[in-house]
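Residue numbers (the numbering used here): 2 to 579.
Glycine included, C-beta positions come from ideal geometry on N, C-alpha and C.
All values reported here derive from a predicted model rather than from experimental measurement.
Everything below concerns the one structure shown next.
The structure is reproduced here in structure tokens:
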């Protein structure tokens with residue numbers, strides 16, 4: 002039986018719902034299941050929806066509850082009559098295949114659900130499956146079961162293992178029961194919210210879990226339970242925060258030789274809040290590898306993700322962690338990135354030992370970097386930087402601007418020219434040119450003087466991609482206060498030319514380096530720790546001066562063109578009056 006026939010069947014069923022897009026996958030599963038279960042009955046015996054529901058017996062109680070609930074919601078006699086017409090077009094086995102069909106790319110085109118359906122891409126399941134290395138007889142758990150797509154995919158690849166899916170939504174769990182019943186695989190579903198229920202969820206050989214991508218943070222944190230993680234010091238540490246709480250539950254669910262795979266957002270790999278959790282996981286030896294995945298893999302969210310592989314068999318304390326930067330792999334198709342089987346092969350190889358995109362990082366090195374697990378921090382890109390050095394080695398000062406409230410700024414701003422001015426992000430053009438019409442302020446308090454910009458300071462926007470980068474030209478009689486949305490870098494001009502550094506950072510290679518220190522899921526931004534360690538080229542001063550001169554020449558041309566454009570825009574706005 003071809004997939005095309007199954008898709009045709011699904012689309013025929015969807016046509017009966019007359020454009021309804023919400024919960025369409027669940028609707029199709031239920032409708033196809035009913036048509037399969039009633040296939041051998043005559044139309045006369047199941048003419049009404051109630052007769053059809055009542056004819057289905059000997060199945061899980063939650064399935065019956067779901068059918069009865071949906072009968073009051075949308076399963077009326079008119080719709081059932083249309084579904085019976087669809088029954089005439091396909092054989093019984095096709096309806097069974099329609100119940101079991103789980104291609105997320107297909108379903109993404111048929112649904113209006115957003116973060117609720119951040120379904121696992123096929124490539125992620127394939128990669129997780131390879132890294133889990135499921136063996137015959139293994140007990141496998143999947144936390145965040147949903148409608149059972151991932152468990153079905155794993156079971157199709159490894160039929161000789163047993164599988165358990167956890168799902169808190171009783172309707173989704175009931176739909177999963179329908180699918181597991183027809184799959185013939187050793188799959189079971191448990192109705193439980195593993196993140197809030199403190200019940201014993203059992204011990205498994207393999208566990209796969211995903212953070213609820215796209216969910217609002219407040220929704221994730223509501224009612225989450227507290228979990229203790231034992232450190233190498235023997236003391237229990239309370240883990241409250243979402244992603245590492247999830248990871249703790251995953252590891253606590255593994256047996257002594259178990260393996261687990263978790264999908265998480267990038268913030269948990271580097272933020273200060275989770276430093277303690279990362280330290281304990283690293284020191285206990287729980288983490289085998291951390292894989293930075295390409296962007297835009299998930300259908301309904303652009304949140305960047307990473308895959309973390311846990312291995313309890315090595316949990317004997319300190320060991321090196323393999324970090325993999327797979328962010329450049331995959332092929333872009335429309336707004337999505339897809340991993341081919343060849344890409345997956347490359348990642349699996351990189352997660353097995355050092356390659357061009359992976360390297361081992363010791364616990365000591367992690368400790369020196371605040372237990373930052375970001376692969377981009379440790380893996381050198383192929384397009385290496387000539388005579389690369391960390392930015393802090395050639396900088397006298399790296400700081401943020403002043404974090405003034407809007408009210409405080411309003412108090413300071415004046416229409417009268419003074420010796421004090423204020424630079425905000427909007428005063429820097431996309432080309433990195435600072436406006437000549439900066440706001441005047443009445444004064445700069447002594448405590449704010451350390452946030453002032455000096456002549457030739459390098460200015461980098463904190464969170465405006467592509468990042469705005471400027472070199473300040475500040476007159477001797479002006480005190481220029483910077484807004485908190487920018488970084489101020491005072492360079493040692495005996496070592497580097499500021500315009501040379503600006504030229505580098507605006508190049509594709511420089512932008513790649515800035516992207517590598519960009520953190521955050523919802524609002525990506527540069528962190529100051531990453532900025533200090535940013536790799537820049539340290540060329541001989543004569544080469545720097547030559548590049549800087551060329552850059553300044555072109556920048557002057559841009560300034561001239563912008564002035565001409567401003568005059569032309571002003572002129573065209575007054576043509577009618579003339």
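Requested in this report: Give every residue of the same chain whose Cβ lies closer than 6 Å to the Cβ of residue 218, excluding the five residues on either side of it in the sequence, and list them in chain order.
Outcome: One-based indexing of the chain shown puts residue 218 at position 217. Unreliable positioning characterises residue 218 in this predicted model, as indicated by a pLDDT of 39, which lies under 50. A coordinate reading is not provided.
Requested in this report: Tell whether a beta-carbon distance below 8 Å holds between residue 162 and residue 138.
Outcome: Counting from 1 along the chain shown, the entry for residue 162 is found at position 161. Counting from 1 along the chain shown, the entry for residue 138 is found at position 137. In contact: residue 162 and residue 138 (Cβ atoms closer than 8 Å).
Report task. Could you pull out every residue in the same chain whose Cβ sits closer than 6 Å to the Cβ of residue 571, ignoring the five residues on either side in sequence? Result -> Residue 571 sits at position 570 when you count from the first residue of the chain shown. Once the five neighbours on either side are set aside, residue 571 has no close Cβ partner at all.
**Report entry** Where residue 246 falls: helix, strand or coil (DSSP)
**Finding:** Stepping through the chain shown from its first residue, residue 246 is reached at position 245. In this structure, residue 246 counts as helix in the three-state DSSP scheme.
Query - Selected residue, minimal CA-CA separation from residue 75, among 291, 546, 27 - result: The residue you call residue 75 lines up with position 74 of the chain shown. Of the residues 291, 546, 27, the one whose Cα lies closest to the Cα of residue 75 is 27.
Query raised in the report: Considering only the beta carbon of each residue, do residue 345 and residue 127 sit closer than 8 Å?
Result: By one-based count along the chain shown, residue 345 stands at place 344. By one-based count along the chain shown, residue 127 stands at place 126. Cβ atoms of residue 345 and residue 127: closer than 8 Å.
Query - Ranges of the alpha helix (DSSP H) found wholly within the segment 462 to 524, counting only runs of at least 4 - result: Every alpha helix (DSSP H) stretch that sits fully inside the segment 462 to 524 and reaches 4 residues is listed by chain position as 499 to 506, 509 to 517.
Query raised in the report: Between residue 294 and residue 528, what straight-line distance do the alpha-carbon atoms span, to the nearest angstrom?
Result: The sequence position of residue 294 within the chain shown is 293, counting from 1. The sequence position of residue 528 within the chain shown is 527, counting from 1. Those two C-alpha atoms are separated by around 20 Å.
**Report entry** Touching by the beta-carbon criterion (3+ pairs, under 8 Å), the segment 179 to 195 and the segment 90 to 103
**Finding:** Using a Cβ-Cβ distance cut-off of 8 Å, the segment 179 to 195 and the segment 90 to 103 are in contact, since at least three pairs of beta carbons, one from each stretch, lie closer than that value.
Report task. In angstroms with no decimal places, state the Cα-to-Cα distance between residue 133 and residue 252. Result -> Within the chain shown, the letter at position 132 stands for residue 133. Within the chain shown, the letter at position 251 stands for residue 252. If you draw a straight line from the Cα of residue 133 to the Cα of residue 252, it comes to about 13 Å.
Query raised in the report: Among 495, 559, 451, 280, which residue has its Cα nearest to the Cα of residue 546?
Result: For the purposes of this step, residue 546 is taken as residue 545 along the chain shown, with counting starting at 1. For residue 546, the nearest C-alpha among the options comes from 495.
Requested in this report: Hey, could you find the ends of the beta strand (DSSP E) residue 567 is sitting in?
Outcome: Working through the chain shown from its first residue, we reach residue 567 at position 566. Bounds of any beta strand (DSSP E) do not take in residue 567; it lies within the alpha helix (DSSP H) bounded by 542 to 573.
Requested in this report: Taking residue 296 as the reference, give the member of 287, 327, 284 with the closest Cα.
Outcome: In the chain shown, counting from the first residue as 1, residue 296 sits at position 295. Of the candidates 287, 327, 284, the one whose C-alpha sits nearest the C-alpha of residue 296 is 327.
**Report entry** 8 Å Cβ cutoff met for residue 208 and residue 255
**Finding:** As a first step, residue 208 is located in the chain shown; it is residue number 207 there, counting from the start. As a first step, residue 255 is located in the chain shown; it is residue number 254 there, counting from the start. Taking 8 Å as the cut-off, the Cβ atoms of residue 208 and residue 255 count as close.
Requested in this report: State the DSSP-derived secondary structure class of residue 446, mapped to helix, strand or coil.
Outcome: Stepping through the chain shown from its first residue, residue 446 is reached at position 445. DSSP, read as helix, strand or coil, puts residue 446 in coil.
Query raised in the report: How long is the line joining the alpha carbons of residue 68 and residue 170, rounded to whole angstroms?
Result: Locating residue 68 in the chain shown gives position 67, where the first residue counts as 1. Locating residue 170 in the chain shown gives position 169, where the first residue counts as 1. Counting only the Cα atoms, residue 170 lies some 15 Å from residue 68.
Query raised in the report: How would you write the range of the beta strand (DSSP E) that residue 191 sits in, first residue to last?
Result: In the chain shown, counting from the first residue as 1, residue 191 sits at position 190. 188 to 192 is the extent of the beta strand (DSSP E) around residue 191.
Query raised in the report: Given that a residue counts as buried once 16 or more other Cβ atoms are within 10 Å of its Cβ, and exposed if not, what is residue 541?
Result: Reading the chain shown from its first residue, position 540 is the one you call residue 541. Looking at its Cβ environment, which holds fewer than 16 other Cβ atoms inside 10 Å, residue 541 is exposed.
Report task. Alpha carbon to alpha carbon, how far is residue 320 from residue 402? Give it in angstroms, no decimals. Result -> For the purposes of this step, residue 402 is taken as the residue at position 401 of the chain shown. For the purposes of this step, residue 320 is taken as the residue at position 319 of the chain shown. Distance between the alpha carbons of residue 402 and residue 320 is about 40 Å.
Query raised in the report: Per DSSP, residue 339 is paired with what?
Result: As a working mapping, residue 339 is identified with position 338 in the chain shown. Residue pairing by DSSP puts residue 339 in a beta bridge opposite 332.
Query - Inter-residue Cα distance where the pair is residue 417 and residue 441 - result: In the chain shown, the residue the question calls residue 417 occupies position 416. In the chain shown, the residue the question calls residue 441 occupies position 440. The straight-line gap separating the alpha-carbon atoms of residue 417 and residue 441 is approximately 7 Å.
Query raised in the report: Quick one: what's got a C-beta closer than 6 Å to residue 91's C-beta in the same chain, skipping five residues either side?
Result: The residue you call residue 91 lines up with position 90 of the chain shown. Result list for residue 91: 10, in chain order.
Query raised in the report: Is the Cβ-Cβ distance between residue 1 and residue 468 less than 8 Å?
Result: Any answer about residue 1 is impossible in this case: the structure gives the chain only from 2 up to 579.
Report task. Could you tell me if residue 581 is buried or exposed, where buried requires 16 or more neighbouring beta carbons within 10 angstroms of its beta carbon? Result -> Beyond the ends of the chain as shown, which are 2 and 579, falls residue 581; an answer cannot be given.
Query raised in the report: For the beta strand (DSSP E) that residue 180 lies in, which residues bound it at each end?
Result: Position 179 of the chain shown, counted from the first residue, corresponds to residue 180. It is not in any beta strand (DSSP E) - residue 180 instead sits in the alpha helix (DSSP H) that spans 171 to 184.
Query raised in the report: Buried or exposed: residue 29, going by 16 or more other Cβ atoms within 10 Å of its Cβ?
Result: Against the chain shown, residue 29 aligns to sequence position 28. In the assembly as shown, residue 29 is a buried residue. Its beta-carbon has 16 or more other beta-carbons within 10 Å.
Query raised in the report: If you follow the alpha helix (DSSP H) that residue 94 is part of, which residue opens it and which one closes it?
Result: Working through the chain shown from its first residue, we reach residue 94 at position 93. According to the DSSP assignment, residue 94 belongs to the alpha helix (DSSP H) that extends over 93 to 101.
**Report entry** Closest residue to residue 46 among 404, 85, 429, 96 (Cα-Cα distance)
**Finding:** Position 45 of the chain shown, counting from 1, holds the residue named residue 46. Distance from the Cα of residue 46 is smallest, within the candidate group 404, 85, 429, 96, for 85.
Report task. Apply the 10 Å Cβ neighbour rule to residue 365 and answer buried if 16 or more other Cβ atoms are within range, or exposed otherwise. Result -> Here the question's residue 365 lines up with position 364 in the chain shown. With a 10 Å radius around the Cβ and a threshold of 16 neighbouring Cβ atoms, residue 365 comes out exposed.
Query - Residue range of the unbroken beta strand (DSSP E) whose run includes residue 606 - result: Residue coverage of the chain in this structure runs from 2 to 579, which leaves residue 606 outside it and unanswerable.
Report task. In angstroms with no decimal places, state the Cα-to-Cα distance between residue 474 and residue 425. Result -> Walking along the chain shown from the start, residue 474 turns up at place 473. Walking along the chain shown from the start, residue 425 turns up at place 424. Spanning the two alpha carbons is a distance of roughly 15 Å.
Query - residue 411 versus residue 562 - alpha carbon distance - result: Taking the chain shown and counting its residues from 1, one reaches residue 411 at position 410. Taking the chain shown and counting its residues from 1, one reaches residue 562 at position 561. When rounded, the distance between both Cα atoms is 33 Å.
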